[in-house]
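Enquirer:
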Amino acid sequence: MTEEIIRKPRHIGHKIALVCAGLCAAMMVPAAGTFFWFLATRGMADTWTPSMAAIVAFFGCCAGVLYSTSVPQPKLPAMDESDLQY
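Taking our numbering, the leading residue of the sequence shown gets 1, the next gets one more, and so forth.
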């Protein structure tokens with residue numbers, strides 16, 4: 001079954017969420033670089049290294065949630081009179 005899902009177009013809220021997801025993903029890159037730099041220079045025992053790992057995880061989860069929010073819902077099938085229940 002290769003049934004194609006027809007989605008509604010993205011409205012302004014979906015577009016804003018998509019842009020914010022991109023920004024979170026972009027902010028995750030320097031945070032990950034800083035985390036690996038702290039890991040190589042200071043090790044996991046320093047308090048900054050786990051904090052940077054938490055920041056990387058936050059930006060990653062934030063990007064994932066915002067991206068899933070930005071995906072528009074599929075169109076509902078058309079209703080006919082037999083579908084109405086009173």
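Positions of the beta carbon are idealized from the N, C-alpha and C atoms, including for glycine.
Would you kindly check if the distance between the Cβ of Leu66 and the Cβ of Ala21 is under 7 Å?
Expert: To locate residue 21, count along the sequence shown from 1; it is residue 21. To locate residue 66, count along the sequence shown from 1; it is residue 66. Contact: yes.
Enquirer: Which same chain residues, not among the five before or five after Thr41, have their C-beta less than 8 Å away from its C-beta?
Expert: Position 41 of the sequence shown, counting from 1, holds the residue named residue 41. Excluding sequence neighbours, Thr41 sits near nothing in its chain.
Enquirer: Out of curiosity, what's the CA-to-CA distance linking Gly13 and Ala63?
Expert: By 1-based counting over the sequence shown, the position of residue 13 is 13. By 1-based counting over the sequence shown, the position of residue 63 is 63. C-alpha separation (whole angstroms): 15 Å.
Enquirer: Report yes or no: do three or more beta-carbon pairs, one from the segment 28-39 and one from the segment 51-62, lie closer than 8 Å?
Expert: yes
Enquirer: With distances taken between CB atoms, is the gap from Phe70 to Leu23 smaller than 7 Å?
Expert: Here the question's residue 70 lines up with position 70 in the sequence shown. Here the question's residue 23 lines up with position 23 in the sequence shown. Note on residue identity: the sequence assigns Ser, not Phe, to residue 70. Going by C-beta atoms, Ser70 is not nearer than 7 Å to Leu23.
Enquirer: Which residue's Cα is closest to the Cα of Pro30: Gln73, Gly43 and Gly60?
Expert: Locating residue 30 in the sequence shown gives position 30, counting from the first residue. Checking every option, the nearest Cα to that of Pro30 belongs to Gly60.
Enquirer: Quickly, what does DSSP pair Pro74 with across the bridge? List them, please.
Expert: Here residue 74 refers to the residue found at position 74 of the sequence shown. Paired residue(s): Arg7.
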